[in-house]
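So the sequences go chain by chain: A and B.
First residue of the first sequence: 1, per this note's numbering; consecutive thereafter.
First residue of the second sequence: 1001, per this note's numbering; consecutive thereafter.
Using N, Cα and C, we set each Cβ at its ideal position, and we do this for glycine too.
Step one of this worksheet: look at the structure below.
Number of protein chains: 2
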Amino acid sequence: MADINSIAKQFTDFYYQTFDTNRAALQSLYRANSMLTFEGSQFAGVAGITEKLTSLPFEQVQHKVTTLDAQPSSTTGESSLIVSVTGLLVVDGSQNPLQFSQIFQLIPDSGSYYVFNDIFRLNYG
Amino acid sequence: MADINSIAKQFTDFYYQTFDTNRAALQSLYRANSMLTFEGSQFAGVAGITEKLTSLPFEQVQHKVTTLDAQPSSTTGESSLIVSVTGLLVVDGSQNPLQFSQIFQLIPDSGSYYVFNDIFRLNYG
């Protein structure tokens, strides 16, 4: 599954770099049928998801990926994949990073991938 | 998505209760095409996954679910779902529970579901 892992790495590198520098640009990764569950609240579609992501109440944010796992997600041989991330979120320069878990399902689309499923949770100890 | 959430709750209640009392019985939840990524190591199929789960080196274990999220995982209307869990793992009565993240993709099969994708990670602070 080397290929899956390298797709997952490329995607998460791009996703978190974009999130941390230009959140509005994340909209290119979602489609009309995309779903986001953010801390238990549900959002759908490009506009709904982008509005949520861009309105999160912090100025500066940095994601540091700790673990990254990927598996093929289709039982019928499509090249979709599930990506599971755990990591640390440094918000507005805080000395206390927050632990997070995030999962994506990526669906192939015109030579690239879009995010169909996105579930984000902070992990409180 | 009330129905999805209730399926996710029923599944995780059963999964963790079985894990904590009779791990070998988890084999009924996997199929020949199932995948498990456990702390970065990959296992596949009923026998491979069951052998890993039953050989984990602890006597007593208790999962406590903190958050549970679910989304439909099929772009074509199948009733498969992604379940994302965060929680605490109490191993051999330790005073220091370990934080974990686990995701499943459940695929419908003969009126029930089986686990196609399973990714487990401990989260170190």
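Whether residue i touches residue j by CB criterion (8 Å)
i       : j       : result
Q1105/B : S1073/B : yes
R1121/B : D69/A   : yes
Q1099/B : N1117/B : no
V1085/B : V1065/B : yes
S1034/B : A1044/B : yes
G1048/B : H1063/B : no
Y1015/B : L1029/B : yes
Of the residues the options, the one placed nearest residue i, counting alpha carbons only
i       : options                     : result
D92/A   : E39/A, V61/A, S101/A        : V61/A
Y113/A  : V85/A, Q27/A, F19/A, S101/A : Q27/A
S1080/B : L1036/B, T1018/B, V1115/B   : V1115/B
F38/A   : F14/A, S101/A, N96/A        : S101/A
D1020/B : L1056/B, G1040/B, L1036/B   : L1056/B
I4/A    : T18/A, E78/A, F58/A         : E78/A
Y1036/B : I82/A, S6/A, V90/A          : Residue identity differs from the one stated: residue 1036/B is Leu in this sequence, not Tyr. Checking every option, the nearest Cα to that of L1036/B belongs to I82/A.
E59/A   : V90/A, T67/A, N96/A         : V90/A
I1119/B : R23/A, N22/A, T67/A         : T67/A
Using a Cβ cut-off of 8 Å, which residues of the stretch 101–121 of chain A contact any Cβ in chain B, in chain order?
-> Flagged, chain order: S101, I103, Q105, I107, F116, N117, I119, R121.
Can you find at least 3 beta carbon pairs, one from the stretch 52–69 of chain A and one from the stretch 1006–1014 of chain B, that sit closer than 8 Å?
-> No, the stretch 52–69 of chain A is not in contact with the stretch 1006–1014 of chain B.
Taking Cβ-Cβ distances below 7 Å as the criterion, which residues of the stretch 1060–1083 of chain B are in contact with chain A?
-> Cβ contacts with chain A: T1067, D1069, Q1071, S1073, T1075, I1082.
Residues, ordered as in the chain, of the stretch 22–40 of chain A that lie near chain B by beta-carbon distance below 8 Å = Going along the stretch 22–40 of chain A in chain order, one finds N33, M35, T37, G40 with a Cβ nearer than 8 Å to chain B.
Does the pairing of the stretch 66–85 of chain A with the stretch 102–117 of chain A give three or more beta-carbon distances under 8 Å?
-> In short, these stretches touch, since the Cβ pair count reaches three.
Which parts of the stretch 1014–1040 of chain B are runs of the alpha helix (DSSP H), unbroken and 4 residues or longer, counting only runs that do not cross its ends?
-> Fully enclosed alpha helix (DSSP H) runs of 4 or longer: not present.
May I have a chain-ordered list of the beta strand (DSSP E) segments no shorter than 3 residues that lie completely inside the stretch 33–106 of chain A?
-> Annotation: the stretch 33–106 of chain A contains the following complete segments of the beta strand (DSSP E) (minimum length 3 residues), in chain order: 41–44, 61–72, 81–91.
Pull out every residue of the stretch 86–97 of chain A whose Cβ sits closer than 7 Å to any Cβ of chain B, in chain order.
-> Of all residues in the stretch 86–97 of chain A, T86 have a Cβ within less than 7 Å of some Cβ in chain B.
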